[in-house]
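**Student:** Have a look at this one.
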RNA sequence: CGGGGCGUGGCUCAGCGGCUAGAGCACUCGCUUUGGGAGCGAGGGGUCGCAGGUUCAAAUCCUGCCGCCCCGACCA
């Protein structure tokens, strides 16, 4: 590609809207343009990266015998109602009604559509197993698009689906996809961690997330190298410190005190010069339509996933303001465990170790101080119900978790029969019995992968793309575009490289060398080929490796073989 | 949806009751320069987010709306 014949709008200043590294660099280097919040155009360079990643994905999908299809983006709303996900999607769905009154959803994911498809054609166990995938734009009306292309309302996803007779067969394929995902990430030059996760709205029991550790990630993960644990923070349990009563302070008499309009831990701490760990907050939940009070230290957060597990039900939700009023006789912000009637009280293990703490008094504008568990209230259960925090150790360990923020780039699920049952996608087994098909699904956020990669590969000058996904392998630069011998050599090399299927960008602009060098470093091709007058006089040209900043000269006749050697070396490292 | 910030030329920003709205970068033309974002000169480009209101006078003050960013809530 010739620079002067395309659009690479590099900027001198970064638009102030951008904060995340990948977002700033992609805007500055002219990869993307925002049309509105969470809606982006991919410019020539950005689109090339997308296609490089897609090519890698296609190769790896072929290796696990997944066949590519293209499903519609326009889904009849009726299909979503049949799996019960029409409501579950809630505000995230983008839908509209056409002129004949039929409602459509712009596809946010495709389990419904693919299951309908499989159900229509699969009849016998002999039709199974098989895997299909597609690469397509998904639509979700995200509340808050973020960090450039990290979270957008419209994004490109590779979604694959596998169909099986039973769980055992699903597990085998799941493992194959798991390894394919590891290869895809590796080939894209990404360092990842895989964490066990909660399948959430998707359904099923087992799921693994492929995460890239980044300050601009939106997920929290907990890692313990010692215990070989990598989990979403939702699923991280901790060692409970054995509390010794001897260490407890002497219990002081219970006191009620006025706290007008002070509802939050922060407000109370500020007004009464308390530390958050001297408070116990009480969060009310409705579990299978009965009230449950969860008590955790002031600085901690209740982990609903742990509550679900402890109570052995999926039916857990926070109580509404009205329900809280009815249960505690007090407005939100003044709940406490003391004197609660007909409410199951679950205390976090930390609370059992605290003494003389502050809680709500279940009375407007009042709190209690010097509250003590067992003396002032009785907990029905004491368990690990809060999110892990800095310093917490995994079970049976005294080495703390490493807590990180991370970006989800892939997520794979063993769905089971979650969709095939509600959409009646069945097959007959050897005995002629009818069974629902067992399913797995496997997603990759293709554009998020770009952001993650830039996040991991950049320096103060700009992007440093890994060779496998760089828009071009080689960035050819003439120092002086008015110097004809330079241009002649450049044109010759350009044609030669192209002929050998090496992607080359030739900066043939008539601008100062400094501008070209800065732009080259900014847009981040792995190798720069620089043709300058002085070197040319010696029949030499310069090769610069972007990642290492090392630069050296080679004889112009050997340039081609040197480039090939370097490129192969770079590719080799990503295998 | 809650909290905070911001909308002025393509980009970054100044001006925040006063006269004809500015700078740097970018763009066009000319001369000089030419291996790390050049210099000088000339030129083009803005209904100051939108709509009301206050005022002799509004980019500037007030109200409403729209858009954008950040934190939170939410999220396959």
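Numbering (this note's numbering), first residue to last: 227 to 801. By construction, the Cβ of each residue, glycine as well, lies at the ideal position given by its N, Cα and C atoms.
List the residues that DSSP assigns as beta-bridge partners of residue 803.
**Tutor:** Residue 803 lies beyond the stretch modelled for the chain, which goes from 227 to 801, so this question has no answer here.
**Student:** Among 250, 233, 380, whose alpha-carbon lies nearest the alpha-carbon of residue 263?
**Tutor:** Checked all of 250, 233, 380; the closest Cα to residue 263 is 380.
**Student:** Take residue 437 and list the residues in its own chain whose beta-carbon comes closer than 8 Å to its own, dropping the five residues that flank it on each side.
**Tutor:** Only 418, 419, 420, 421, 443, 445, 447, 632, 633, 634, 635 meet the Cβ criterion.
**Student:** For residue 687 and residue 312, what's the separation of their Cα atoms in angstroms?
**Tutor:** If you take the alpha carbons of residue 687 and residue 312, they lie about 47 Å apart.
**Student:** How many Å lie between residue 335 and residue 327 at the Cα?
**Tutor:** Roughly 23 Å separates the two Cα atoms.
**Student:** Please name the residue or residues paired with residue 585 in a DSSP beta bridge.
**Tutor:** 594.
**Student:** Which same chain residues, not among the five before or five after residue 351, have their C-beta less than 6 Å away from its C-beta?
**Tutor:** Around residue 351: 391, 653, 655.
**Student:** Write down every uninterrupted run of the beta strand (DSSP E) in the segment 403 to 479 whose length is 3 residues or greater and which is fully enclosed by it, in chain order.
**Tutor:** Counting whole runs of 3 or more residues, the segment 403 to 479 contains the beta strand (DSSP E) stretches 419 to 422, 432 to 439, 445 to 450, 455 to 458.
**Student:** Once the 5 residues before and after residue 388 are set aside, which same chain residues still bring their CB inside 6 Å of it?
**Tutor:** Closer than 6 Å at the Cβ level, and outside the excluded window around residue 388, lie 357, 399, 666.
**Student:** Nearest CA to the CA of residue 494: which residue from 366, 569, 554, 592?
**Tutor:** Of the candidates 366, 569, 554, 592, the one whose C-alpha sits nearest the C-alpha of residue 494 is 592.
**Student:** In whole angstroms, what separates the C-alpha of residue 257 from that of residue 539?
**Tutor:** About 47 Å.
**Student:** With burial defined as no fewer than 16 other Cβ atoms inside 10 Å of the residue's Cβ, what is the status of residue 197: buried or exposed?
**Tutor:** Residue coverage of the chain in this structure runs from 227 to 801, which leaves residue 197 outside it and unanswerable.
**Student:** Any idea what DSSP makes of residue 648, helix, strand or coil?
**Tutor:** In the structure shown, residue 648 sits in a helix (DSSP, three-state: H, G or I).
**Student:** Answer with buried or exposed for residue 265, where buried requires no fewer than 16 other C-beta atoms within 10 angstroms of its C-beta.
**Tutor:** Exposed is the call here.
**Student:** Out of 767, 690, 668, state which residue places its alpha-carbon closest to the alpha-carbon of residue 410.
**Tutor:** If we check each option's Cα against that of residue 410, 668 comes out closest.
**Student:** Leaving out five residues on either side along the sequence, give the residues of the same chain with a beta carbon under 7 Å from the beta carbon of residue 267.
**Tutor:** Result list for residue 267: 258, 259, 261, in chain order.
**Student:** Closest to residue 434 by C-alpha separation, out of 573, 680, 456, would be which residue?
**Tutor:** Ranking 573, 680, 456 by Cα distance to residue 434 puts 456 first.
**Student:** Quick one: what's got a C-beta closer than 6 Å to residue 481's C-beta in the same chain, skipping five residues either side?
**Tutor:** The answer, listed in chain order, is 595, 596.
**Student:** To which residues of the same chain is residue 472 closer than 7 Å at the C-beta, ignoring the five residues directly before and after it?
**Tutor:** Note on residue 472: pLDDT 45, under 50, position unreliable in the model; the coordinate value appears next. Cβ neighbours of residue 472 beyond the five flanking positions: none.
**Student:** Please look up how many angstroms separate the CB atoms of residue 248 and residue 416, rounded, as I've assumed it's under 8 Å.
**Tutor:** 12 Å between Cβ atoms; not a contact.
**Student:** Could you tell me whether the segment 476 to 491 touches the segment 579 to 590, using the rule of 3 or more Cβ pairs below 8 Å?
**Tutor:** Flag = yes, the segment 476 to 491 and the segment 579 to 590 touch.
**Student:** Please report the distance separating the alpha-carbon of residue 611 from that of residue 406.
**Tutor:** So the two alpha carbons sit approximately 35 Å from each other.
**Student:** According to DSSP, is residue 260 helix, strand or coil?
**Tutor:** Of the three classes helix, strand and coil, the one that applies to residue 260 here is strand, per DSSP.
**Student:** Across the segment 733 to 750 and the segment 701 to 708, are there enough close Cβ pairs to call them in contact, namely three or more that are closer than 8 Å?
**Tutor:** Touching, per the Cβ criterion.
**Student:** From residue 805 to residue 708, what does the alpha carbon distance come to, in whole angstroms?
**Tutor:** No information on residue 805 is available, as it lies outside the stretch 227 to 801 that the chain covers here.
**Student:** Give me the Cβ distance between residue 502 and residue 511, rounded to the nearest whole Å; I'm assuming they're in contact under 8 Å.
**Tutor:** Actually they are not in contact, since the Cβ atoms of residue 502 and residue 511 sit about 21 Å apart, beyond 8 Å.
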